[in-house]
Amino acid sequence: MNLELSGRAAVVTGGTSGIGLSAVRRLLDEGMSVAFCARDKTRVDAVTQELARSAGDRVLGVVADVLDVAALHAFRAEVEARFGRVDVLVHNAGRSRMAGFDGVSDADWTEEFELKFFGLLRPTRAFLPLLRKSDAASMVYVSSLLAKQPERRLIATSAARGGALNLAKSMSFEFAPAIRVNSILLGVIDTGQWEARFAARRAEGEAIDHDSYIAELAQERGIPLGRIGRPEEVAAAIAFLASPLCGFMTGSVIEISGGFSHYV
Ligand code: NDP
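Here the sequence shown is numbered in my numbering, starting from 391 and rising by one per residue.
As structure tokens, this is what we get:
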């Protein structure tokens, strides 16, 4: 299917790993120019170099924290200078905080809310002027099933995701009809976040291999499709929502969780 993205430009926050990196690859494959940001310069440079081998000037990697307004404005300036346009903004940068009620201090709550709310608001503000010039502008917000189905061991992330999903819905009203805003709710996807937890368990001396760790995750959570998701499966949905073919979709929510949600 031709998603009619070729020749357009996208920005992906958190593009050096997992879902963000997969989205960058997918949008480049669709013929887009793609800029991405992340905080770790070594990884930004390595990913840019690797992707530029096939995408050339169509890929741009920039070091920027989604909470840093000055860095975001510098990012926008670089994107404008290189591509002259932005049609798609993918809000992907983030992480989850694995802790229950007693394990979250006020400072942790504040940090979690700051990342989830301002990590959505600040890149939006930075790229709005460019998005407003596009004839087919859209934002895709990569969120979590926790927004609708909280988990006790992820209490702060669940609450913050719930509020931020509400904000994404408000943004769909605020920016209509010029910019579409749609959200994706994820279950467990096999990315750096879970790799880091696997590595931590190994470092603590646990003799668990990678396949068993993934199988255990899927079984422990009772995921109906019997496995966890792949980043490419999320990237496909991001490309779909970004496409002008979805021109009548805004304020919608797509779930990618292997059937894990328990609500209707
Ligand atoms: P990864 O840890 O694999 O990748 C996260 C990416 O975001 C990296 O490129 C990281 O680079 C970047 N990043 C993190 N914080 C910031 C920041 N403040 N500013 C800019 N870049 C940042 O994560 P996933 O691919 O697993 O997750 C992507 C999104 O999906 C996240 O928002 C996550 O919460 C959400 N999600 C993931 C789930 C999963 O099971 N994988 C489930 C539910 C939601 P660097 O550290 O160098 O900045």
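Ideal Cβ placement from N, Cα and C applies to all residues, glycine included.
Only exposed fits residue 614, as fewer than 16 other CB atoms lie within 10 angstroms of its CB. Here the stretch 469-485 lies against the stretch 422-432, with 3 or more beta-carbon pairs under 8 Å apart. Collapsing the DSSP output to three states places residue 645 in a strand.
Residue 399 and residue 581 have their alpha carbons spaced roughly 25 Å apart. In summary, residue 491 is exposed, with fewer than 16 beta-carbon neighbours lying within 10 Å of its beta-carbon over all protein chains present.
With a threshold of 16 other beta carbon atoms within 10 Å, residue 519 falls short and is exposed. At a threshold of 7 Å, residue 579 counts as near the ligand NDP, since its beta carbon sits closer than that to one of the ligand's heavy atoms. In the structure shown, residue 488 adopts coil according to DSSP, grouped into three states. When secondary structure is reduced to three states using DSSP, residue 653 falls in the coil class, being assigned neither helix nor strand. Contact check between the stretch 601-620 and the stretch 561-572: fewer than three CB pairs, one atom from each, fall below 8 Å, which does not count as touching. Proximity to residue 619 across 626, 647, 427 and 551 peaks at 647, based on C-alpha coordinates. Residue 549 and residue 494 have their alpha carbons spaced roughly 12 Å apart. Residue environment analysis places residue 396 among the exposed positions, since fewer than 16 neighbouring C-beta atoms fall within 10 angstroms of its C-beta. Judged by their CB atoms, residue 438 and residue 456 are not nearer to each other than the 8 Å cut-off.
Straight across, the Cα-Cα distance linking residue 585 with residue 412 is about 16 Å. For residue 572, the enclosing beta strand (DSSP E) starts and ends at 569-576.
Relative to the non-hydrogen atoms of the ligand NDP, the Cβ of residue 395 never comes closer than 7 Å to any of them. Using a cutoff of 7 Å, the CB of residue 430 counts as near the ligand NDP, since one of the ligand's heavy atoms is closer than that. Put simply, of 419, 417 and 436 the residue whose alpha carbon is nearest the alpha carbon of residue 406 is 436.
According to the DSSP assignment, residue 426 belongs to the beta strand (DSSP E) that extends over 423-428.
Residue range 449-453 is occupied by the beta strand (DSSP E) that includes residue 453. Distances taken from the Cβ of residue 409 to the heavy atoms of the ligand NDP include one shorter than 7 Å. The beta-carbon distance between residue 510 and residue 554, rounded to whole angstroms, is 6 Å. This is short enough to meet the 8 Å contact definition.
By the Cβ-count criterion, residue 534 is buried, with 16 or more other Cβ atoms from all chains shown falling within 10 Å of its own Cβ.
Closer than 7 Å to some heavy atom of the ligand NDP: that does not describe the Cβ of residue 441.
Between residue 431 and the set 453, 419, 444 and 440, the nearest pair of CA atoms involves 453.
Contact between residue 507 and residue 476 is absent: CB atoms are separated by about 22 Å, not below the 8 Å threshold. Counting only residues of its own chain and dropping the five nearest sequence neighbours on each side, residue 651 has a CB closer than 8 Å to the CB of 535, 538, 539, 575, 577 and 645.
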